[in-house]
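In my numbering, the protein residues as written are 170 to 534.
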């Protein structure tokens with residue numbers, strides 16, 4: 170794939186976050202990476218390995234991804250060692266067994282379904298993987314020292330199934346922080362350049378094929394960062410994050426996606442490549458937010474990282490999510506669960522202690 174100067178795309182210099190101060194937080198620790206075969210998970214695994222952990226356990230449901238990450242880490246991929254585990258976070262018994270046998274001290278949760286258009290069509294899968302799967306991990310991780318949940322800017326003022334599901338995981342993680350002795354926190358960032366399905370890889374493939382390059386809207390913008398920047402933030406979270414916080418990186422100004430497309434076309438030697446506007450898809454925003462309308466960005470001791478507090482969500486509220494209902498009903502359920510308990514609010518106007526069953530059943534009617 171043709172290399173494009175990332176500074177041209179980001180409109181800024183890449184952030185140089187020193188991980189030296191983090192080393193003593195992970196050195197000698199038993200570290201577990203869930204979703205280790207994905208773009209973020211594999212980079213977490215690479216960077217954690219260099220910080221001298223006592224053990225690094227890789228978990229993924231994709232056997233080919235596990236093969237690839239083990240090969241990149243160690244130069245071989247025999248897939249025969251106990252630190253490489255094929256498992257799905259939907260399988261609660263398998264997850265409990267992993268925690269019982271590997272006894273991790275630090276957990277990075279990078280496993281999720283993330284493609285917005287697919288999750289709009291199949292919201293039940295977001296419930297089963299992103300929501301229930303995260304709660305399964307949190308239940309199993311009650312004795313760890315630090316748990317870092319990977320989130321997205323789509324969780325701020327969410328309008329999509331992806332955003333709703335990730336907002337819920339932030340709140341579930343905040344609840345775990347009130348129940349368990351370790352530190353449970355989330356990190357939130359924007360679109361990651363070079364990750365699977367990112368605009369950069371999609372545009373490069375389209376340009377290499379001679380175009381056209383497809384952009385949803387001429388004015389659409391996104392916050393962009395490199396995979397290295399994203400993972401630096403994730404690892405910094407183990408050093409500076411406090412219980413229940415959501416850490417947010419300073420990613421500079423949002424970037425016009427049409428400008429990214431034109432950079433890619435020019436880099437391929439054909440600035441005249443057609444750009445076709447396909448229209449915003451259901452659930453998509455024209456401009457993303459890093460912070461919700463009811464959130465205040467607060468300073469950490471790192472100049473490039475802020476944090477917000479999110480209201481905890483008792484996992485008992487998840488019993489009203491029906492992953493097998495019709496898609497519209499599931500989407501509505503997710504949106505409602507995002508709001509439950511905020512300032513005592515209930516979607517049916519009842520007191521916080523009363524169930525959601527009535528209002529959710531009306532949605533499905």
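For every residue, glycine included, the Cβ atom is placed at its ideal position computed from N, Cα and C.
For residue 277, the closest C-alpha among the options 412, 482, 429 and 406 is that of 406. Burial of residue 344 is indicated by the presence of at least 16 other C-beta atoms within 10 angstroms of its C-beta.
If the five residues before and after residue 253 are omitted, its C-beta is found closer than 6 Å to the C-beta atoms of 227, 235 and 239, all from its own chain and listed in chain order.
In the DSSP assignment, residue 259 falls outside any beta strand (DSSP E) and carries neither an H nor an E. Counting other Cβ atoms within 10 Å of its Cβ, residue 441 stays below 16 and is therefore classed as exposed. Here residue 210 really is in contact with residue 204; their C-beta atoms are around 4 Å apart, less than 8 Å. DSSP links residue 226 through a beta bridge to 201. Residue 249 carries a coil assignment under DSSP once its states are collapsed to helix, strand and coil. Under the DSSP assignment, residue 439 falls outside any beta strand (DSSP E); it carries neither an H nor an E label. Judged by DSSP in its simplified three-state form, residue 400 adopts helix. Relative to residue 318, the option among 305, 327, 328 and 326 whose CA is nearest is 305. Look at the beta carbons and you see the region 416 to 436 touching the region 370 to 387: at least three pairs across the two are nearer than 8 Å. Counting C-beta pairs closer than 8 Å gives three or more between the region 476 to 489 and the region 502 to 510, which meets the contact rule. If you look at residue 511, you'll find it isn't in any beta strand (DSSP E); DSSP assigns it neither H nor E. Each residue's CA atom was taken as its position, placing residue 354 and residue 244 some 33 Å apart. In this chain, residue 416 is not harboured by any alpha helix (DSSP H); it is covered by the beta strand (DSSP E) spanning 414 to 418. Cβ-Cβ distances below 6 Å link residue 447 to 383 and 385 in the same chain, with the five nearest sequence neighbours on each side left out; the list follows chain order. The C-beta distance from residue 396 to residue 279 rounds to 11 Å, too long to meet the 8 Å contact threshold. Counting every other CB atom within 10 Å of its CB across the protein chains shown gives residue 321 a total of 16 or more, marking it as buried. Across the set 267, 333 and 199, the C-alpha of 333 shows the shortest separation from the C-alpha of residue 461.
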